[in-house]
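So in our numbering, spot 26 of the sequence shown is number 9, and the numbers just go up one at a time.
Note that the Cβ used here is the ideal one computed from N, Cα and C, for glycine as well.
Since the structure is predicted, the reported quantities are computational estimates derived from the model, not experimental observations.
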Amino acid sequence: MYGLSVRWSLAEAPDGVDAALREYVHDTSLARFTGMDGLRFKTWRMRPGEWFEGTYVFETAAARDAFAASFAQTAADSPGSKLIGSAPILQEPFDVVAVAEGGAGFAAGPGPA
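Shown next as structure tokens:
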């Protein structure tokens, strides 16, 4: 499997951006990526006041690389960038060595509010 991390800094983001990002992910972005061809899964991660990140895992390097190239062209104008007020500070491909499903099972959908 082949991963991609896209990270934004929240250090200079406007007040309320954490809640706005959660709302955007829950109401819009989750549906956009659910069922996406070539994508195994996507996780949205945030350390409030520090950073917000999309972590993608694709079936093939070609699917990852195509998505990364396309996103790089529009990243500064993406919905996340507009909410945060700046473009991503990192777009980094990586290899996934393994994924283990824990005893609690895999759960898709929104996290804590």
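{"Query": "Per DSSP, which residues does T50 bridge with? Please list them.", "Result": "It is Phe, not Thr, that sits at residue 50 in the sequence shown. BP columns for F50 are empty, so no partner."}
{"Query": "Could you tell me which residues DSSP pairs with Q74 in its beta bridges?", "Result": "V(-11)"}
{"Query": "If you follow the beta strand (DSSP E) that F16 is part of, which residue opens it and which one closes it?", "Result": "Not the beta strand (DSSP E): F16 falls in the alpha helix (DSSP H), residues L13 to F16."}
{"Query": "Nearest to V0 by alpha carbon, out of R28, A52, V80 and G68?", "Result": "G68"}
{"Query": "Counting Cβ pairs closer than 8 Å, one from the segment -11 to 0 and one from the segment 31 to 45, do we hit at least three?", "Result": "yes"}
{"Query": "Excluding the five sequence neighbours on either side, which residues of its own chain have a C-beta within less than 7 Å of the C-beta of R23, listed in chain order?", "Result": "M(-16), V40, F41 and E42"}
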